[in-house]
Ligand SMILES: *Cc1c(COP(=O)(O)O)cnc(C)c1O
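Residue numbers (my numbering): 1407 to 1876.
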């Protein structure tokens, strides 16, 4: 019975998708006016029945519209500044829909052009980020967390190679201790250490330069020289998540070369600094990394889930993630992407990225980055002069980090109260951050759709809420 319904829905697929397309456009176009973050919850009984016969596609779409849609976050919209949340360009959204429609399994080449297009997209991205294609290759992942897992795995395989050990076959115990040196690692890097069996406690914190989250190269030199760990990985940050500070990659790379350490760079959003001359000094030396983690779903402005991973040692990547089975032999020049990441079956993640690069080119990415940074500077300047606010760290990229002041300094309680109150207005959404022992508020501007008028509205909302706080 329900199979017949599927056939009927399929016969009118164009109508179904046209309606969904209209609803989608309506949602996207409402982002400027609807509450930025929906702080309400779905009414559970309305959505929790598994009926025997189902509602049909129309019924299910209607149920979504009624019961779910009102509670969807405006996170793709122009005043959602939480975390580091990229939007989706129109072309990227179209590419993502087409990826679902085509529903290719990227794991294996041979019966589809998906792998070939993915290979091309990686080449386009290397070009965009000015990373030498003769040195780097890579893969799409589900996000920067996965790219950190993959990067540390490759780094460890490199360490093992140095000692003549096969860590993939014989395990971490055979290799012995691996220490990861980092200044201000992202939480997901520490998580990755636990996942792959390096162990979360085997992170060695290295001091940062005064008043920043960027590693102090002198402290790193001392730490590496003093360490008797047989296997060393340095996880550099190219864009820390709170103060958006950048490690000096050339200095770090020199030390890695000297002390026999693998250099992995977490550049989830910072890699995009290489797309504009205005920012490229921050990420000088990136090409010296052994592996680089980045995100498409942040500053490339493609939908979730789009992570990027680049490495000079794709052979080690394939050693770690490769599998052998008779049914996995294929004669095709394109890479077998199941050998380059966690998943065997993989979504065609390259298509949205390829689509936005084709649609808007190099300048499209550059202008998103430059415009976001310009708007962040504008908000930062306003914070500097507005009574009752202070910047906790200079705005050097797309994130403004600030606190509420009272009396003569930052006031953690009022900062937290302001954040809740401003988010509750539905005008704007931001997330907390801690820096220099103080609680702060982060506004990360990472979406093409944000304009000057959104910054004006944000300043007005901040002013109004600050006045109410007293
Ligand atoms: C966002 C982020 C991550 C994690 O990325 P996901 O895409 O959320 O998995 C890792 N590192 C940095 C620096 C980030 O900003």
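Here a beta-carbon is modelled for each residue, glycine too, at the ideal position from N, C-alpha and C.
Contact the segment 1560-1576 vs the segment 1788-1801: 3+ CB pairs below 8 Å: no
First through last residue of the alpha helix (DSSP H) which encompasses residue 1874: Position 468 of the chain shown, counted from the start, is the residue given in the question as residue 1874. Segment 1858-1875, the alpha helix (DSSP H) holding residue 1874.
Coarse secondary structure for residue 1521, derived from DSSP in three states: Numbered from its first residue, the chain shown carries residue 1521 at position 115. The answer is helix: DSSP assigns residue 1521 an H, G or I state.
Outcome for residue 1354 when other beta-carbon atoms lying within 10 angstroms are tallied against a minimum of 16: Limits of the chain in this structure are 1407 at one end and 1876 at the other, which puts residue 1354 out of reach.
Residue 1586: CB within 8 Å of a non-hydrogen atom of ligand 1: Taking the chain shown and counting its residues from 1, the one referred to as residue 1586 is at position 180. Residue 1586: no, Cβ never under 8 Å from ligand 1.
Residue 1849: CB within 8 Å of a non-hydrogen atom of ligand 3: The model on display carries ligand 1 but not ligand 3.
Any non-hydrogen atom of ligand 1 closer than 8 Å to residue 1638 Cβ: The sequence position of residue 1638 within the chain shown is 232, counting from 1. It does not: the Cβ of residue 1638 is nowhere closer than 8 Å to a heavy atom of ligand 1.
Rounded separation between residue 1477 and residue 1671 - CA only: Here the question's residue 1477 lines up with position 71 in the chain shown. Here the question's residue 1671 lines up with position 265 in the chain shown. Rounded to the nearest angstrom, the two C-alpha atoms are 37 Å apart.
Residue 1554: CB within 8 Å of a non-hydrogen atom of ligand 1: Here residue 1554 refers to the residue found at position 148 when the chain shown is read from its first residue. Indeed, a heavy atom of ligand 1 lies less than 8 Å from the Cβ.
Beta-carbon proximity of residue 1462 to residue 1425, cut-off 9 Å: Position 56 of the chain shown, counted from the start, is the residue given in the question as residue 1462. Position 19 of the chain shown, counted from the start, is the residue given in the question as residue 1425. Their beta carbons are not under 9 Å apart, which means residue 1462 does not touch residue 1425 by this criterion.
Beta strand (DSSP E) runs contained entirely in the segment 1589-1623, provided each spans 3 or more residues: 1609-1611
Three or more C-beta pairs below 8 Å linking the segment 1453-1467 and the segment 1657-1673: no
Cβ-heavy atom distance, residue 1699 to ligand 1, below 8 Å: For the purposes of this step, residue 1699 is identified with residue 293 of the chain shown, where counting begins at 1. Result yes, Cβ under 8 Å from ligand 1.
Residue 1652 beta carbon near ligand 1 (any heavy atom closer than 8 Å): The residue you call residue 1652 lines up with position 246 of the chain shown. Checking the Cβ of residue 1652 against ligand 1 gives no.
Any non-hydrogen atom of ligand 1 closer than 8 Å to residue 1481 Cβ: In the chain shown, the residue the question calls residue 1481 occupies position 75. No.
Buried versus exposed, by CB contacts within 10 Å (16 or more), residue 1845: Here the question's residue 1845 lines up with position 439 in the chain shown. Buried is the call here.
Ligand 1 heavy atom lying under 8 Å from the CB of residue 1535: Looking up residue 1535 in the chain shown gives position 129. Residue 1535 Cβ: outside cutoff for every heavy atom of ligand 1.
Heavy atom of ligand 1 within 8 Å of residue 1502 beta-carbon: Along the chain shown, one-based indexing puts residue 1502 at 96. Incorrect: residue 1502 has no Cβ contact closer than 8 Å to ligand 1.
Proximity winner among 1536, 1496, 1601, 1516, relative to residue 1551 (alpha-carbon distances): Locating residue 1551 in the chain shown gives position 145, where the first residue counts as 1. Of 1536, 1496, 1601, 1516, the residue nearest in Cα terms is 1601.
Residue from 1807, 1520, 1788 whose Cα sits closest to the Cα of residue 1651: Numbered from its first residue, the chain shown carries residue 1651 at position 245. Among 1807, 1520, 1788, the Cα nearest to that of residue 1651 belongs to 1807.
Straight-line gap, residue 1471 to residue 1418 (C-alpha atoms, nearest Å): Position 65 of the chain shown, counted from the start, is the residue given in the question as residue 1471. Position 12 of the chain shown, counted from the start, is the residue given in the question as residue 1418. Approximately 19 Å, taken between the alpha carbons.
Residue 1670 Cβ short of 8 Å to ligand 1 heavy atom set: On the chain shown, residue 1670 is found 264 positions in, with the first residue counted as 1. Every heavy atom of ligand 1 is 8 Å or more from the Cβ of residue 1670, so no.
Distance cut-off 8 Å: residue 1713 Cβ against heavy atoms of ligand 1: Taking the first residue of the chain shown as position 1, residue 1713 is located at position 307. Checking every heavy atom of ligand 1 against the Cβ of residue 1713, one is found closer than 8 Å.
Extent of the continuous alpha helix (DSSP H) to which residue 1638 belongs: Taking the first residue of the chain shown as 1, we reach residue 1638 at position 232. Counting along the chain, residue 1638 falls outside any alpha helix (DSSP H), though it belongs to the beta strand (DSSP E) covering 1637-1643.
Sequence-distant residues of its chain with Cβ nearer than 6 Å to residue 1750 (five each side left out): Working through the chain shown from its first residue, we reach residue 1750 at position 344. Answer for residue 1750: 1513, 1744, listed in chain order.
Minimum Cβ-Cβ distance from residue 1596 to chain E less than 9 Å: No chain E appears in this structure, which consists of one protein chain only.
Beta-ladder partner(s) of residue 1763, from DSSP: For the purposes of this step, residue 1763 is taken as residue 357 along the chain shown, with counting starting at 1. Residue 1763 pairs with nothing; no bridge assigned.
Closer than 8 Å: residue 1675 CB and nearest ligand 1 heavy atom: In the chain shown, residue 1675 corresponds to position 269, counting from 1. Correct: residue 1675 has its Cβ closer than 8 Å to ligand 1.
Beta-carbon proximity check, residue 1589 vs residue 1653, cutoff 9 Å: In the chain shown, counting from the first residue as 1, residue 1589 sits at position 183. In the chain shown, counting from the first residue as 1, residue 1653 sits at position 247. A contact, by the Cβ cut-off of 9 Å.
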